[in-house]
Structure formats: C-alpha cells, structure tokens
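Everything in the sequence shown is counted per the working numbering, starting at -2 for the first residue and increasing by one. For glycine and all other residues, C-beta sits at the position ideal for the given N, C-alpha and C. As the structure is a computational prediction, the values presented were derived from the model and not from experiment. Working notes for the structure below.
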Amino acid sequence: LSILANLAEKDFQQVVRLLLEGVRAGKSLAACMAEHPEVFPKLYVNMVRAGESGGILEGVLRHLVEYLERSLQLKEDIQSALTYPVLLVTASGLSLTILFIYVIPKFSLIFKDVNQALPWMAKILIDFSYGLSRYGWIALLLLIGGFFGGAFYLRNPEARLQWDRWRLNLWVLGDLLRKLEAARFARTLAALLKGGVPLLEALGTVQGVVGNRQVARAIGQVQSRVREGKGMVGPLAESGVFPDLALQMIAVGEETGRLEGMLANVADYYDQEVKRATKRLTSLLEPVLILGMGLVIGVVVISMLTAIFSINDLPF
C-alpha cells in the first residue's frame, strides 16, 4: 500500500493513504475499503474479505483483476462497435436540422411572391421547415422535459422494474440484453466463488450490483431457493431472464460440483455472443442509416427542384 500510494493517480492517492492508515491501525483491508463505497463497490469488499479470512488474499486479488479486465474489455468492445453508428446518427440529425432550419427557408423566400401553387411535397417540406424554425424550441423543451420526467419516474422501484422487464422483451435488442446480463451475472458470481465467498453471500452481492431490476429480482428468488437447499436453475428458468443454454450449463455445473468453472465458461461464451451480436447489429444499421439519410436528402432536393422548375414552367 505504501508503494501504491506513491504510484497511484493523484485523485486516488488520498484514498490509498487512508487505507494504509487504517491497516496500520489494525483494521482489515476489507473494512478499510468498505469505508469508501464510492470507490470500492460491495463486490470488491466481499471478495477481499473472503480472501483475508481464507488466507488467500493474493489469489483473490488476481481473480478480481481478471474479472475487471474482462468486464472492461467487453465494455470497450461494445462501445467501439457502436461508435460509428452513433456518430452517423448524430451527423444525420445535425445535417437534417441545418437543412430544415436554414436551407429550406431560403428556398421559401423564392416562392414567397409567386402566386402559382407549389407541388404538394414542396409545400409540406416548406410548412414543416417553417414550423420547425419557429416552434422547434418548444419541441426541444418537451424532449428535455420528457427526458428528466422519465428519469424521475424511473426512480420509483415498480416503474423501474416494469421498464427493465420491457427492455428484456424488446425485439432484437431484448435477446442481446439477455445475453449481456447472463455474461455479467456469470462473470461476477464466478469471480466471487473463486475468491472464496460463500454462494448465498455471493448471490446477495451479485443482486446488489446488477443494473437490471428484473434480473435482480430473479437472483433474489435464486437466493431464497438456495437457502432452502434447492438449486439455482429452477428460479432462473421461471424468471425467463437468461438464455436456455446458460441455464443448461449452470445446471451441469451444479450437478458436477464445478459451478464456478461452468459459470466462467458461461461468461466467456456470452461475452463472445454479445460481441458477435453487436457487430451484426451495427453492420445492419450502418447501411440502413446511410440509405435513410440519402433518401431524405434526395426527397428534399427533388421536391425543391420540382418547385423551382414548376415556377419557371420548365419541362423536365
């Protein structure tokens, strides 16, 4: 800890020094870490506590590092795959906003003093552009208000549960989210079990760190069944939150007494599945977004040219 206090980043040095002072005062490392929940999640604290009580702290820290590296790698892979589609959507949105707020109004000035009726498509675009430039701020305020209102609404536990359940049942994305949650659950539980944390305590920790309330509820049911001496697979299957293959692999792990190893296999398998599914999804989204953007711009250009040609009575 003394060496780490000098090597750590500036913001983290003070925390390490407090840990060092606590350990020198006779506290356990886990107890010192628990005093800083904003830095050390419950998962870390429980693994370190189990490592200290079992005299295998070095091995537990290795498992924790491996867990963090794999979790970070999966997160980076997903972010990398989604970067281009997000940039494409952002650029498309900005382009269309500029087109409707600045470009089309300039065309409308050309048609302003003309008594001749405009083609219906051009008229629709000009009216939409006029409404957007004049009342767009209202739409923006409604969007911002809707965002913050939705965030406030989701603070309600029951509303958050319904939202998370709905996300897991989405077309295409729901299957991807189930695989992602299966990988996270298996990876976290495997890391805790490898670190020497008892199964019941490990399930309680996993329940507290998962982000999806529907998955957390399912894990709570698993914990209750395990406390009664029953297996994990039954309540997980009843909840429907994880893919069937993951449940079958966990069942094999329970039956053979190799649960932590099988959980690690589940995590590795679904990490790869999430990466492949994300790449497939983005490879489909990219041409659709490009084609959609091209069609919108094409319709705008053709509509404006049609209106100009109709004013000048030019055949085309």
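Problem - Gly208, DSSP secondary structure in three states - result: coil
Exercise for the section: Output yes or no for whether 8 angstroms exceeds the beta carbon distance between Val238 and Gln211. Expected result: yes
Exercise for the section: Note down, in chain order, each residue of its chain lying with its Cβ closer than 7 angstroms to the Cβ of Ala27, except the 5 sequence neighbours on either side. Expected result: Val42, Val45, Arg46 and Glu49
Problem - Distance between Gln70 and Val169 (C-alpha atoms, nearest Å) - result: 23 angstroms
Exercise for the section: Look at the Cβ atom of Gln204, then the Cβ atom of Ala213, and state whether they are nearer than 8 angstroms. Expected result: yes
Problem - Three or more C-beta pairs below 8 angstroms linking the region 85 to 104 and the region 120 to 130 - result: yes
Problem - Assigned secondary structure, Arg162 (DSSP; H/G/I helix, E/B strand, else coil) - result: helix
Handout entry: CA-to-CA distance, Thr80 to Phe9, given in whole angstroms
Key = 29 angstroms
Practice task
Taking Val207 as the reference, give the member of Leu40, Leu54, Leu16 and His33 with the closest Cα.
Solution key: Leu40
Exercise for the section: Inspect the beta-carbon positions of Ala316 and Tyr64 and report whether they are closer than 8 angstroms. Expected result: Residue 316 is absent from the structure shown; the chain starts at -2 and stops at 313.
Exercise for the section: Examine the Cβ distances between the region 168 to 183 and the region 257 to 265 and report whether three or more of them are shorter than 8 angstroms. Expected result: yes
Exercise for the section: Tell me whether Ile123 sits in a helix, a strand or coil according to DSSP, three-state version. Expected result: helix
Exercise for the section: Could you give the DSSP three-state label for Phe313: helix, strand or coil? Expected result: Because the pLDDT at Phe313 is just 44, under 50, the model does not fix this residue reliably, and the point stays unresolved.
Problem - Three-way DSSP call (helix, strand, coil) for Glu32 in this model - result: coil
Practice task
Can you say whether Val62 is buried or exposed, counting buried as having 16 or more other CB atoms within 10 angstroms of its CB?
Solution key: exposed
Problem - Other residues of its chain near Arg273: CB distance less than 8 angstroms, five sequence neighbours each side excluded - result: none
Practice task
From the DSSP output, in three-state form, read off Asn152 for me.
Solution key: In the sequence under discussion, the amino acid at residue 152 is Arg, which differs from the Asn named in the question. Three-state result, Arg152: coil.
Problem - N- and C-terminal bounds of the alpha helix (DSSP H) containing Ile95 - result: Leu54 to Ile95
Handout entry: For Asn209 and Asp172, believed in contact at Cβ under 8 angstroms, the rounded distance
Key = Asp172 to Asn209, Cβ: 14 angstroms. No contact.
Problem - alpha helix (DSSP H) segment containing Gly321, residue limits - result: An answer regarding residue 321 cannot be provided, because it is not within the stretch -2 to 313 covered by the chain.
Practice task
Helix, strand or coil for Leu167, going by three-state DSSP, please let me know.
Solution key: coil
Exercise for the section: Taking only the alpha-carbon atoms, compute the straight-line gap between Phe313 and Leu115 and give it to the nearest angstrom. Expected result: Note on Phe313: pLDDT 44, under 50, position unreliable in the model; no value is reported.
Problem - Closest residue to Leu322 among Asp74, Ser89, Pro38 and Glu18 (Cα-Cα distance) - result: In the structure as shown, the chain starts at -2 and stops at 313, and residue 322 therefore has no counterpart that could be examined.
Practice task
Counting only the same chain and skipping the five closest in sequence on each side, list residues whose C-beta sits under 6 angstroms from that of Ile75.
Solution key: Thr275
Exercise for the section: Quick one: residues in its chain with C-beta nearer than 7 angstroms to the C-beta of Leu311, no 5 flanking neighbours on either side, listed in chain order? Expected result: Model confidence at Leu311 stands at a pLDDT of 44, short of 50, so the residue's coordinates are unreliable; what they give is reported in the following sentence. Result list for Leu311: empty, nothing under 7 angstroms.
Practice task
Determine the burial state of Arg277: buried for a count of at least 16 other Cβ atoms within 10 Å of its Cβ, exposed for fewer.
Solution key: exposed
Handout entry: Assigned exposure category for Thr253 - 16 Cβ within 10 Å defines buried
Key = exposed
Exercise for the section: Report the three-state DSSP secondary structure of Pro284 (helix, strand or coil). Expected result: helix
Handout entry: For Leu282, the nearest candidate out of Ala78, Ser300 and Glu32 (CA to CA)
Key = Ala78
Handout entry: Exposed unless 16 or more other CB atoms sit within 10 angstroms - verdict on Ile121
Key = exposed
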